[in-house]
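Line order of the protein sequences matches chains P and D. Take 53 as the starting number for the first sequence in this note's numbering and just add one per residue. Take 37 as the starting number for the second sequence in this note's numbering and just add one per residue.
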Amino acid sequence: VDADSVKDEL
Amino acid sequence: MNIFRFAGDMTHLISILVLLLKVYATKSCSGISLKTQELYGIVFLARYLDLFTDFISVYNTVMKLVFIGSSLAIVWCMRFHRVVKRSYDRDVDTFRHYFLVGGCFLLALFVHEKFSFREVFWAFSIYLEAVAILPQLILLQRSGNVDNLTGQYVLFLGAYRGFYILNWIYRYFTEDQFSRWISCVSGLVQTALYADFFYYYFISWKNNAKLKLPA
Numbered sequence: 053v054d055a056d057s058v059k060d061e062l
Numbered sequence: 037m038n039i040f041r042f043a044g045d046m047t048h049l050i051s052i053l054v055l056l057l058k059v060y061a062t063k064s065c066s067g068i069s070l071k072t073q074e075l076y077g078i079v080f081l082a083r084y085l086d087l088f089t090d091f092i093s094v095y096n097t098v099m100k101l102v103f104i105g106s107s108l109a110i111v112w113c114m115r116f117h118r119v120v121k122r123s124y125d126r127d128v129d130t131f132r133h134y135f136l137v138g139g140c141f142l143l144a145l146f147v148h149e150k151f152s153f154r155e156v157f158w159a160f161s162i163y164l165e166a167v168a169i170l171p172q173l174i175l176l177q178r179s180g181n182v183d184n185l186t187g188q189y190v191l192f193l194g195a196y197r198g199f200y201i202l203n204w205i206y207r208y209f210t211e212d213q214f215s216r217w218i219s220c221v222s223g224l225v226q227t228a229l230y231a232d233f234f235y236y237y238f239i240s241w242k243n244n245a246k247l248k249l250p251a
């Protein structure tokens, strides 16, 4: 997974 | 989204509502650490840089706006509201929190998932959130007795990251490529910092006594 993964958590 | 994370977000929201209630209802911020509130403002501004670039869901965007807005509103109140600021006692809120900001930023420069602007600021916000409660806990120990709303604020604030730990465990077992070790380690440290507060809160609740932290 690309480390710039979208942070879906708050 | 899983039930643990939703419970965590709601607990976090409740902690903010309790704090806003205390400040607006009593027009007083006695027992509240301005430094912890400033650290939370930095945490949310550093973490939600993608607020306008990545749209995940209405829920996600609304909650981010609530967290940023409420933390800045509390800081504004404690600094500039003519009635509230009078009850801020800077003689007990003496934690040198800028060291926490510097230390966490340095750590984020060395320990991150990827060396990019957003990832470094994200890791910085995770580390800073883990220690942001320290000025508040030190202030409560110094001021001895804790009023109910302040105690509940800290209780919910500590509990929310505990729910997130359950969320990470759940996601680890249900999603194959889930790896959030930065969040997990910081979340464990963050929740551990509340351990003694939880203990004294439970004791005071059991004895139906006023919450008192040993100095």
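Using N, Cα and C, we set each Cβ at its ideal position, and we do this for glycine too. As the structure is a computational prediction, the values presented were derived from the model and not from experiment.
Secondary structure of Asn-38(D), DSSP reduced to three states: In the displayed model, Asn-38(D) falls within coil according to three-state DSSP, outside both helix and strand.
Per-residue burial, Glu-211(D) [other beta carbons within 10 Å of its own, 16 or more giving buried]: With fewer than 16 Cβ atoms within 10 Å of its Cβ, Glu-211(D) is classed as exposed.
C-beta neighbour in chain P for Ile-92(D), strict 8 Å: Chain P places a beta carbon closer than 8 Å to that of Ile-92(D), counting this residue as a contact.
Nearest to Tyr-76(D) (by Cα), restricted to the options Asp-90(D), Lys-242(D), Arg-126(D), Gly-105(D): Gly-105(D)
Nearest candidate by alpha-carbon position, reference Phe-238(D), set Ile-50(D), Ala-195(D), Met-114(D), Ala-82(D): When Ile-50(D), Ala-195(D), Met-114(D), Ala-82(D) are compared, the shortest CA-CA separation from Phe-238(D) is found for Ala-195(D).
Where Lys-246(D) falls: helix, strand or coil (DSSP): coil
Cys-14(D) vs Ser-123(D) beta-carbon contact at 8 Å: Summary: the structure shown does not reach residue 14(D), with chain D confined to residues 37 through 251, and so no result is reported for it.
Run of the alpha helix (DSSP H) containing Cys-140(D), from where it starts to where it stops: 133-146
Integer-rounded CB distance, given that Ile-218(D) should sit under 8 Å from Glu-149(D): 6 Å
Residues near Lys-59(P) in its chain [Cβ-Cβ closer than 6 Å; skip 5 each side]: none
Coil, strand or helix - Val-53(P) by DSSP: Low confidence applies here, because Val-53(P) scores a pLDDT of 42, under 50, leaving its location unreliable and the question unanswered by this model.
Cβ neighbours of Gln-73(D) in the same chain (closer than 7 Å, five flanking residues each side left out): Ser-107, Ile-110, Val-111, Met-114
Residues near Lys-100(D) by beta carbon distance below 8 Å, same chain, minus five either side: Phe-80, Tyr-84, Leu-87
Under 8 Å between C-beta atoms of Leu-70(D) and Asp-129(D): Contact: yes.
When Arg-178(D), Tyr-200(D), Leu-249(D) are compared against Ala-43(D), the one with the closest alpha-carbon: Tyr-200(D)
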